[in-house]
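For the sequence shown, the UniProt record's numbering puts the final residue at 158, and the numbers step up evenly by one. Cβ atoms here follow ideal geometry from the backbone N, Cα and C, with glycine treated the same way. Model, not experiment: these values are computed from the prediction.
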Amino acid sequence: MIIRRVSFDHPDAVKLNDQVQAEYHVRYGDGGDATPLDPSHFEPPNGVYFIAYDEYDSPVATGGWRAQDANDEGYADGDAELKRMYVVDAMRGRGLARRILAALEEDARAAGRVRMVLETGTKQPEAIALYTSSGYAPCEKFGYYREYESSRCFAKAL
1 MIIRRVSFDH
11 PDAVKLNDQV
21 QAEYHVRYGD
31 GGDATPLDPS
41 HFEPPNGVYF
51 IAYDEYDSPV
61 ATGGWRAQDA
71 NDEGYADGDA
81 ELKRMYVVDA
91 MRGRGLARRI
101 LAALEEDARA
111 AGRVRMVLET
121 GTKQPEAIAL
131 YTSSGYAPCE
141 KFGYYREYES
151 SRCFAKAL
């Protein structure tokens with residue numbers, strides 16, 4: 001597997017984003033994640049977007065982080081927010097999400113961010129298991145879905 005930095009509007013990123021949005025719709029029945037995102041959110045030094053490619057140069061996993069600082073949505077100064085973590089069905093269970101997560105944490109730390117935060121939902125038990133087994137702990141809710149009962153927020157010091 002090769003991890004490459006790409007723009008959030010790269011064709012492979014768009015393809016994988018469409019797949020993760022479809023999965024969110026199946027799980028939650030709400031059309032997908034409505035959090036406003038812009039390609040500029042993932043441009044260094046204020047963020048990054050990674051895609052993992054297999055030996056055939058097919059995109060198989062993705063994830064990004066974007067800088068956040070204290071605001072009325074509950075973020076704290078120095079936060080790096082994880083977004084669009086996803087592994088295609090055929091490649092799940094091979095540790096790809098852990099590798100993407102480690103690369104994102106390293107990149108955010110190098111950019112001076114002090115805490116990685118993420119929001120997921122109760123209908124994503126695999127995500128919750130990944131994050132808790134990677135050192136993330138529940139934290140005060142933040143972000144677009146902070147008032148949703150099904151929302152779960154986690155944080156890890158970098």
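In angstroms, rounded to a whole number, what distance separates the CA positions of residue i and residue j?
{"i": "L158", "j": "E147", "result": "26 Å"}
{"i": "A70", "j": "R92", "result": "35 Å"}
{"i": "P44", "j": "R5", "result": "10 Å"}
{"i": "E81", "j": "Y56", "result": "30 Å"}
{"i": "F8", "j": "R109", "result": "20 Å"}
{"i": "S133", "j": "P11", "result": "32 Å"}
{"i": "E119", "j": "S58", "result": "27 Å"}
{"i": "Q19", "j": "G135", "result": "27 Å"}
{"i": "Y131", "j": "R27", "result": "19 Å"}
{"i": "S150", "j": "A76", "result": "22 Å"}
{"i": "P138", "j": "A102", "result": "19 Å"}
{"i": "E106", "j": "R113", "result": "10 Å"}
So the candidates are the options; which of them puts its Cα closest to the Cα of residue i?
{"i": "R66", "options": "P59, G78, E55", "result": "G78"}
{"i": "R152", "options": "S134, G135, P125, S133", "result": "P125"}
{"i": "I2", "options": "I100, M116, Y136, D72", "result": "I100"}
{"i": "Y145", "options": "V26, M85, T35, D12", "result": "T35"}
{"i": "R115", "options": "L37, K156, A13", "result": "K156"}
{"i": "G31", "options": "L37, I128, E23", "result": "E23"}
{"i": "G29", "options": "T62, E73, K123", "result": "K123"}
{"i": "I51", "options": "D72, M85, Y75, L37", "result": "M85"}
{"i": "G74", "options": "G143, A103, F154", "result": "G143"}
{"i": "Y46", "options": "D72, L104, G95", "result": "Residue identity differs from the one stated: residue 46 is Asn in this sequence, not Tyr. Ranking D72, L104, G95 by Cα distance to N46 puts L104 first."}
{"i": "A90", "options": "E106, S150, V60, G121", "result": "V60"}
{"i": "H41", "options": "Q21, Q68, K15", "result": "Q68"}
{"i": "T62", "options": "A76, F154, G95", "result": "G95"}
{"i": "I128", "options": "F154, K83, C139", "result": "F154"}
Taking 7 Å as the cut-off, decide whether the C-beta atoms of residue i and residue j are in contact.
{"i": "Y49", "j": "G64", "result": "yes"}
{"i": "A97", "j": "V87", "result": "yes"}
What first and last residue would you give for the alpha helix (DSSP H) that runs through residue i?
{"i": "S133", "result": "125-133"}
Any beta strand (DSSP E) of 3 or more consecutive residues that is wholly inside the UniProt domain "N-acetyltransferase" (1-158) = If only uninterrupted beta strand (DSSP E) runs of at least 3 residues are considered, those enclosed by the UniProt domain "N-acetyltransferase" (1-158) are 2-5, 47-53, 59-68, 79-87, 115-121, 151-157.
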